[in-house]
Every structure is written in structure tokens, then in C-alpha cells.
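This report refers to the structure that appears directly beneath it.
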Amino acid sequence: MSKKTIFLFLGLGLAASLFADLGLSFSLLSSQSLTVFTSQEIWNKEPQPSFRDTLLVLSSFQPNRQEFLVFGNIISGKGVPIENGLWDTRKTTLGMGFGKVLTIPFSLQKHAVAMALDFTAGPFFYLFLSNHYTHVGGQYKKEVEESSILNRVQYGLYATVRLRLQEFKKYLRSVDASLGLHFFMPFSNHELNDDPKARYHLFKTFLCAGVSF
Numbered sequence: 000m001s002k003k004t005i006f007l008f009l010g011l012g013l014a015a016s017l018f019a020d021l022g023l024s025f026s027l028l029s030s031q032s033l034t035v036f037t038s039q040e041i042w043n044k045e046p047q048p049s050f051r052d053t054l055l056v057l058s059s060f061q062p063n064r065q066e067f068l069v070f071g072n073i074i075s076g077k078g079v080p081i082e083n084g085l086w087d088t089r090k091t092t093l094g095m096g097f098g099k100v101l102t103i104p105f106s107l108q109k110h111a112v113a114m115a116l117d118f119t120a121g122p123f124f125y126l127f128l129s130n131h132y133t134h135v136g137g138q139y140k141k142e143v144e145e146s147s148i149l150n151r152v153q154y155g156l157y158a159t160v161r162l163r164l165q166e167f168k169k170y171l172r173s174v175d176a177s178l179g180l181h182f183f184m185p186f187s188n189h190e191l192n193d194d195p196k197a198r199y200h201l202f203k204t205f206l207c208a209g210v211s212f
């Protein structure tokens with residue numbers, strides 16, 4: 000996918016978001032699970048690789064309508080299994096998603112607090128802008144480091160649960176504070192994989208805090 004195509008998608012999404020609420024959030028904690036799928040069974044890969052994954056999300060959403068988001072990751076992995084070898088990796092990514100939003104407003108009248116709970120789900124994809132690999136054990140395959148960008152496109156479904164504290168509008172001039180979970184369920188292999196009988200999916204969950212306007 001060319002840079003022009005990426006910027007076209009970004010432009011269309013931002014244009015559709017002019018009359019929506021804008022949100023900015025970043026991850027406080029992250030959790031990853033590398034899962035192996037075959038035709039006979041599903042199991043978590045052991046030992047699990049260690050990741051440090053920071054997520055930054057810019058979202059445009061309309062309650063009870065839709066959400067468009069642009070997100071980036073800064074990722075470092077230790078002992079990542081790729082093609083019968085173990086690798087340390089460092090990556091940066093850029094991705095987009097589009098989902099349907101269900102909003103449930105509620106309030107605590109005793110404390111005069113107004114809140115809203117947003118549930119969002121939809122497809123996503125992202126590209127690796129940079130990839131750095133260090134072989135640390137097992138079989139070495141040069142193809143891991145030289146794999147094309149098409150073999151590294153990640154896609155799947157994302158889901159978000161976000162609690163927005165709207166009472167802050169009285170004090171921060173129409174700014175909501177939010178706390179929520181972002182979950183990414185990929186349909187693509189997390190790295191190069193030539194095994195036709197198995198797929199390796201990296202599921203990610205983030206605890207994020209942010210603001211919306």
C-alpha cells in the first residue's frame with residue numbers, strides 16, 4: 000500500500016469526523032497473549048514472549064453512531080518466536096479502525112456526576128513503519144528480517160469499552176476525562192510464518208486514559 004493511499008484514508012476519515020467528538024488517549028498498561036491456532040486445537044504459546052507496548056489513539060466518535068480512529072504503537076519484544084527461532088524485536092506502527100458506537104448515559108444524582116459508557120467494535124489494520132530484529136536463539140532465517148511489508152500488514156477486529164466522566168465539562172470547558180480498555184483481535188499472523196498448518200495470533204489488551212472534546 001502506497002503512502003498516497005494511506006494519507007487518502009486518513010483524509011477521508013478526518014473529513015467525516017469534523018462534526019464528531021475528538022478524543023486522545025494513551026495506554027497505562029498493556030497485556031499480550033500469543034495464541035497458536037491449528038485445525039485440531041488452540042493453545043497459548045509457552046513460554047510467552049515479553050512485550051513493552053505503548054498505544055496512542057486519536058479517535059473521532061459520535062455517541063450511538065460511529066467511530067474513526069488513528070493509532071500508533073511503540074513495541075519492543077523479547078524472545079519472540081518466529082520461524083523456529085527466537086528474536087528480540089523493536090517496531091513502530093501506524094493503524095486505522097472504523098467501528099460502531101453504542102453509548103449508555105447515566106448519572107449519580109446524589110453526587111451530581113454525569114457519565115457515559117461507550118462500547119465500540121469494528122475492523123482495524125495497521126502497518127509497521129519500522130522493524131528491527133536481533134536473533135537470540137534457535138533457527139536463523141534471513142527471510143524474517145527481509146520479509147516484505149505485505150507479510151507484515153496486521154488486520155482484524157478491535158473493541159473498546161470507555162467510561163467518560165462528563166461532569167468535568169463544568170470545570171475544563173467541554174473536556175471529558177475517560178478511562179477504558181482497548182482490545183485487538185487479529186486475523187493475521189503476528190510475524191512471518193511459513194507453517195501451513197498453524198497460525199500465530201497476538202492478542203492485545205490496553206488500559207488507556209484520555210480526554211475528549
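Just so we're aligned, residue 0 is where the sequence shown starts under numbering that gives the first Met the number 0, counting upward by one.
Yeah, the Cβ is synthetic: ideal placement off N, Cα and C, and Gly gets one too.
- In this structure glycine 136 is exposed. Its beta-carbon is surrounded by fewer than 16 other beta-carbon atoms within 10 angstroms.
- Taking one beta carbon from each stretch, the region 147-162 and the region 120-130 have 3 or more pairs nearer than 8 Å; the two touch.
- With respect to phenylalanine 205, serine 29 sits close: the two C-beta atoms are nearer than 9 Å.
- Here aspartate 193 has no same chain residue with a Cβ atom under 6 Å from its own Cβ, once five neighbours each way along the sequence are excluded.
- Assigned with DSSP and collapsed to three states, valine 143 falls in helix.
- When the five nearest sequence neighbours on each side are left out, the beta carbons in the same chain lying within less than 8 Å of the beta carbon of tyrosine 139 are those of Gly84, in order along the chain.
- In the structure shown, arginine 89 falls within a strand segment according to DSSP collapsed to helix, strand and coil.
- A direct Cα-to-Cα measurement between serine 49 and lysine 196 gives close to 25 Å.
- Only exposed fits serine 32, as fewer than 16 other CB atoms lie within 10 angstroms of its CB.
- The region 160-202 is shown to contain whole alpha helix (DSSP H) runs of 4 or more residues at 168-171, in chain order.
- A Cβ-Cβ distance of about 11 Å is found for the pair phenylalanine 60 and alanine 115, leaving them out of contact under the 8 Å criterion.
- Shown here for glutamate 142: same chain residues with a beta carbon closer than 7 Å to its own, the five before and five after excluded, namely Leu191 in chain order.
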